[in-house]
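2 protein chains.
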Amino acid sequence: MTKRSSRLDDAARAGWLYYVAGNTQDQIAVKLGVSRQSAQRLVSLARSEGLVRVQIDHPIANCLELADALRDRFKLKFVDVVPTDPGSESTITGVAESASAEMERWLRREQPVLIAVGTGRTLKAAVELLPRMDCRQHRVVSLTGNIAPDGSAAYYNVVFTMSDSVNVRSFPMPLPVIATTSSEREMLHAQAMIRPTLALADKAEVTFVGIGDFSNDAPLYVDGFITAAELKALQKAGAVGEIVGWSFDSEGKMIRDITNDRVASAPIPPRETSLVIAAAKGPRKLPGIRGAIHGGLINALITDEDTAAKLLG
Amino acid sequence: MTKRSSRLDDAARAGWLYYVAGNTQDQIAVKLGVSRQSAQRLVSLARSEGLVRVQIDHPIANCLELADALRDRFKLKFVDVVPTDPGSESTITGVAESASAEMERWLRREQPVLIAVGTGRTLKAAVELLPRMDCRQHRVVSLTGNIAPDGSAAYYNVVFTMSDSVNVRSFPMPLPVIATTSSEREMLHAQAMIRPTLALADKAEVTFVGIGDFSNDAPLYVDGFITAAELKALQKAGAVGEIVGWSFDSEGKMIRDITNDRVASAPIPPRETSLVIAAAKGPRKLPGIRGAIHGGLINALITDEDTAAKLLG
DNA sequence: TATGCTCATGGGCATTTATTCGGCCATTGC
DNA sequence: GCAATGGCCGAATAAATGCCCATGAGCATA
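In the order they appear, the protein sequences are chains A and B.
Residue numbers 261 to 573, in our numbering, belong to the letters of the first sequence in order.
Residue numbers 261 to 573, in our numbering, belong to the letters of the second sequence in order.
Next up, the structure:
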């Protein structure tokens, strides 16, 4: 414990000296009384542990224009467009940072806020980027179940990840993501422990969700929430995207039956009362993003330049 | 105008690709269609224009900020701020470790160093934390006498404590801390055995001292070096702190007479030629620390977060 | 048109940083 | 008690970065 935390302490020191004070790793080594290599390791540790937070404090003209255009065209309440890293395959760099920053802005408020969160890789990454903070005044409610198909804790459920660094009253959803039958779903939702959480989700002031695609590597399928057959059926029925398990088509209309009659997630909070922010980018997700926008499933978007341009084009 | 802002735009983009997306400057050059050198210039421009904001998300970061601010504000040559241990009443935990580490750094040098040491609980604790080491090349000279008022060895004299673990040529000061009269002090200082040691102290390259306070539990009084009446007189004369027996006021000015005309310690080594490091923390010592800094009695400081914040506030 | 100025550019090189490798030490499990 | 394992360290080396300089374009002025 002492050992480990003192190592992180040193890493933070090294990171500060390097990134803030602008020391070279040699100087850091001298100041910390370690070898140059160790200093290098500490600096790199500081980065990989997320101790170092970098943000660019300058709106890039093109991103701003795209954001404005998107907001205008699709009557969105909030849009952020981050630069595209050409050639990078990652579907999260950039949007994760931006989503994290936006989340932080809400969490920093004095006034209590009720925040709903979905699930997914992007959101998980965003939440992991949050700095340590104390926000007992806020509440965070999960829209989706935290139980994976095999009974374990769903990996990409973010409420627990958030509590690692942020002290906030959290309301996980002790449910599977997709129930076995429609009636089982009803039964689960009727439970005394679940109903208040569902009610809470309905009243969220701001909601953060990811958007899942329906390619053959659809996250719902890869993570084992739906079967290959169900995936096929959904694709055939025109599913292009999915938010906390709710599948929809290119018009943003919910797909009837197949899985939607068994999705145990809370409904997406009403767009009239909640700012529903989707964080997603990339060609694979493009149809889903488009659908979600057209169907009014979301009213705010964090994406990247490329995707923004394609949405407008 | 457009030119300049588009250049900043590019800088922001380059900075984003570099710091957020983790590209190398080579990759950025390709993506932005410029030469590697230009990419480097853009990244460096982004930093120098303050487009890049780096934060370290760790409690230690605050300490480093405070240290920086102190060094700046008070033109100190070296400052270390250790985390405050909330709830710990001890006036030494933290600073002792840091002082010890700093001392060790000096002792580890290959080149011979002349080190002067003061006295006090903090310093004693620091010296006790030193690992066993062999440093025959160095010399350590005590600034204060090692004879307590009752004739015994002064308990908080650290030169002997140091020799327990560190093999170094040491020069104790076989004197009382405060002589009975001013002329006795002169006589003692004139001794053939003392003069070289005093001369040595004057040439110290680095000096470690504690700072004593002048509350009713002032260490000088508690340890019997001054009487209750003298303590009162000193308090009345505005004494807020004391370094190796030399009492000073909130401006760092030496208190005239009372005891200072009889202090047998060596003068504090000249700040022009010696790094004079004070290790002290806590509310009781705050006025003394402040005085010592303002009067330029010291040019380096090891303290804790709380104290640092109060010094700056 | 010539001149002088500023400034971005890319080449070359020194410095700094990242990575890889082999060895050492402590812990773990047999 | 002893070998396997994993983590950490330093050395060597490869990669990336920072800096200086000569160059030339763009532009204002003589």
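Every residue gets a Cβ at the ideal spot worked out from N, C-alpha and C, and that includes glycine.
Predicted, not measured: the structure shown is a model, and the values here were computed from it.
Review point. Tell me which same chain residues have a C-beta within less than 7 angstroms of the C-beta of B/C323, skipping the five on either side of it?
Key: As a position in the second sequence, residue 323 of chain B is number 63, starting the count at 1. Within the same chain, B/C323 has close Cβ partners V341, V342, P343, E565.
Exercise for review: Give the DSSP-derived three-state secondary structure of A/S212 in the structure shown.
Suggested key: The structure shown has nothing for residue 212 of chain A, since chain A only spans 261 to 573.
**Study point:** Same chain, Cβ closer than 8 angstroms to A/E444, neighbours up to 5 away in sequence not counted
**Key:** Within the first sequence, residue 444 of chain A is the residue found at index 184, counting from 1. Closer than 8 angstroms at Cβ, skipping near neighbours: R522.
Check your understanding: Taking buried to mean at least 16 other C-beta atoms within 10 Å of its own C-beta, is A/M261 buried or exposed?
Key -> Counting from one through the first sequence, the residue named residue 261 of chain A turns up at place 1. Its pLDDT being 33, under 50, A/M261 is placed unreliably by the model, and nothing is read from it.
Check your understanding: How many Å lie between B/V377 and B/R429 at the Cα?
Key -> The count along the second sequence starts at 1 and reaches residue 377 of chain B at position 117. The count along the second sequence starts at 1 and reaches residue 429 of chain B at position 169. The straight-line gap from Cα to Cα measures roughly 13 angstroms.
Point to revise | Contact set for A/I562: own chain, Cβ-Cβ below 6 angstroms, skip 5 residues either direction | key: Position 302 of the first sequence, counting from 1, holds the residue named residue 562 of chain A. So the list reads D340, V355, S358, A359, A539, once near-sequence residues are dropped.
**Study point:** Beta-carbon proximity list for B/E388, same chain, < 7 angstroms, skipping 5 on both sides
**Key:** Counting from 1 along the second sequence, the entry for residue 388 of chain B is found at position 128. For B/E388, where only same-chain residues beyond five positions count, the Cβ hits under 7 angstroms are T421.
Review point. Could you give the C-beta distance for B/I503 and B/I537, rounded to a whole number, given that I count them as a contact under 8 angstroms?
Key: Counting from one through the second sequence, the residue named residue 503 of chain B turns up at place 243. Counting from one through the second sequence, the residue named residue 537 of chain B turns up at place 277. Wrong, their Cβ atoms sit about 11 angstroms apart, outside the cutoff.
Exercise for review: Taking 9 angstroms as the cut-off, decide whether the C-beta atoms of A/H398 and A/W366 are in contact.
Suggested key: Locating residue 398 of chain A in the first sequence gives position 138, counting from the first residue. Locating residue 366 of chain A in the first sequence gives position 106, counting from the first residue. Result yes, Cβ atoms of A/H398 and A/W366 sit closer than 9 angstroms.
Exercise for review: Answer yes if the region 487 to 495 of chain A comes into contact with the region 403 to 412 of chain A, meaning at least three C-beta pairs across the two stretches below 8 angstroms, and no otherwise.
Suggested key: no
Exercise for review: From the DSSP output, in three-state form, read off B/D340 for me.
Suggested key: Here residue 340 of chain B refers to the residue found at position 80 of the second sequence. Correct three-state label for B/D340: strand.
Exercise for review: Kindly indicate which three-state DSSP category B/T262 falls into: helix, strand or coil?
Suggested key: Translated into the one-based positions of the second sequence, residue 262 of chain B becomes position 2. Residue confidence for B/T262 is low, a pLDDT of 41 falling below 50, so the modelled location carries little weight; the figure read from the coordinates is stated next. If DSSP states are grouped into helix, strand and coil, B/T262 belongs with the helices.
**Study point:** A/N476, buried or exposed, once every other Cβ within 10 Å from all chains shown has been counted against 16
**Key:** The count along the first sequence starts at 1 and reaches residue 476 of chain A at position 216. Per the 10 Å Cβ criterion, exposed.
**Study point:** Simplified DSSP state of B/A568, which is helix, strand or coil
**Key:** On the second sequence, residue 568 of chain B is found 308 positions in, with the first residue counted as 1. Residue state, collapsed to three classes: helix.
Check your understanding: Within 9 angstroms (strictly less), CB to CB, does A/R273 reach chain B?
Key -> One-based indexing of the first sequence puts residue 273 of chain A at position 13. A/R273 counts as touching chain B.
Exercise for review: Show which residues of chain B have a CB atom less than 9 angstroms away from the CB atom of A/R313.
Suggested key: In the first sequence, counting from the first residue as 1, residue 313 of chain A sits at position 53. What A/R313 touches in chain B: R313, V314, Q315, I316, D317.
**Study point:** Run of the alpha helix (DSSP H) containing B/G470, from where it starts to where it stops
**Key:** To locate residue 470 of chain B, count along the second sequence from 1; it is residue 210. Element bounds for B/G470: not the alpha helix (DSSP H) but the beta strand (DSSP E), 466 to 470.
Check your understanding: Mind checking if B/G282 is an interface residue toward chain A, Cβ cutoff 9 angstroms exclusive?
Key -> Translated into the one-based positions of the second sequence, residue 282 of chain B becomes position 22. It does: the Cβ of B/G282 has a partner Cβ on chain A nearer than 9 angstroms.
Check your understanding: Buried or exposed: which applies to A/M363, given that a residue is buried once 16 or more other Cβ atoms fall within 10 Å of its Cβ?
Key -> The residue you call residue 363 of chain A lines up with position 103 of the first sequence. A/M363 is buried by the Cβ-count criterion.
Check your understanding: Three or more beta-carbon pairs under 8 angstroms between the region 462 to 474 of chain A and the region 543 to 555 of chain A, yes or no?
Key -> yes
Review point. The beta strand (DSSP E) with B/H398 in it runs from where to where?
Key: In the second sequence, residue 398 of chain B corresponds to position 138, counting from 1. Per DSSP, B/H398 belongs to the beta strand (DSSP E) from 393 to 407.
Practice item. Output yes if chain B places a C-beta closer than 9 angstroms to the C-beta of A/N427; else output no. Key: Indexing the first sequence from 1 puts residue 427 of chain A at position 167. False, the Cβ-Cβ gap to chain B never drops below 9 angstroms.
Review point. How is the alpha helix (DSSP H) around A/P530 delimited, first residue to last?
Key: Your numbering for residue 530 of chain A matches position 270 in the first sequence. No alpha helix (DSSP H) holds A/P530; DSSP gives it neither H nor E.
Review point. Where B/L330 and A/G347 are concerned, what is the direct C-alpha to C-alpha distance, given to the nearest angstrom?
Key: For the purposes of this step, residue 330 of chain B is identified with residue 70 of the second sequence, where counting begins at 1. For the purposes of this step, residue 347 of chain A is identified with residue 87 of the first sequence, where counting begins at 1. The alpha-carbon atoms of B/L330 and A/G347 are separated by roughly 45 angstroms.
**Study point:** Reference B/M433; option with closest CA among B/L277, B/C395, B/L460, B/L292
**Key:** Here residue 433 of chain B corresponds to residue number 173 of the second sequence, with the count starting at 1. It is B/L460.
Check your understanding: Does the Cβ of B/K384 have 16 or more other Cβ atoms within 10 Å, making it buried, or fewer, making it exposed?
Key -> Here the question's residue 384 of chain B lines up with position 124 in the second sequence. It is buried - the Cβ of B/K384 has at least 16 other Cβ atoms within 10 Å.
Practice item. Say whether chain B places a C-beta atom closer than 9 angstroms to the C-beta of A/P343. Key: Within the first sequence, the letter at position 83 stands for residue 343 of chain A. For A/P343, the answer is yes, since a Cβ of chain B falls inside 9 angstroms of its Cβ.
Exercise for review: Determine, using beta carbons only, whether B/V312 and B/G282 come nearer to each other than 9 angstroms.
Suggested key: Within the second sequence, the letter at position 52 stands for residue 312 of chain B. Within the second sequence, the letter at position 22 stands for residue 282 of chain B. Going by C-beta atoms, B/V312 is not nearer than 9 angstroms to B/G282.
Review point. So A/I553 packs on A/F334, CB below 8 angstroms; how close in whole Å?
Key: By 1-based counting over the first sequence, the position of residue 553 of chain A is 293. By 1-based counting over the first sequence, the position of residue 334 of chain A is 74. Their Cβ separation, rounded to whole angstroms, is 5 angstroms, which keeps A/I553 and A/F334 in contact under 8 angstroms.
Check your understanding: Less than 9 angstroms separating the beta-carbons of A/R267 and A/L305?
Key -> Within the first sequence, the letter at position 7 stands for residue 267 of chain A. Within the first sequence, the letter at position 45 stands for residue 305 of chain A. Taking 9 angstroms as the Cβ cut-off, A/R267 and A/L305 qualify as a contacting pair.
Review point. Got a sec? Which residues, its chain only, sit under 8 angstroms from A/I320 by beta carbon, not counting five neighbours each side?
Key: Against the first sequence, residue 320 of chain A aligns to sequence position 60. Excluding positions up to five away in sequence, the list reads P343.
Check your understanding: Does A/I320 get closer than 9 angstroms to chain B when you measure Cβ to Cβ?
Key -> Translated into positions along the first sequence, residue 320 of chain A becomes position 60. Taking Cβ atoms only, chain B reaches closer than 9 angstroms to A/I320, which makes this a yes.
Review point. Going by DSSP, what residues sit across from A/R429 in a beta bridge?
Key: If you number the first sequence from 1, residue 429 of chain A lands on position 169. In the DSSP output, where bridge partners are listed per residue, A/R429 has A/R399.
Exercise for review: At 8 angstroms on the CB atoms, spell out the chain A contacts of B/L277, in chain order.
Suggested key: Position 17 of the second sequence, counted from the first residue, corresponds to residue 277 of chain B. Neighbours of B/L277 on chain A, chain order: P343, D345.
Review point. Which residues in the same chain as A/I352 place their Cβ atom closer than 7 angstroms to its Cβ, once the five residues preceding and following it in sequence are excluded?
Key: Here residue 352 of chain A refers to the residue found at position 92 of the first sequence. Answer for A/I352: R381, T382, A385, listed in chain order.
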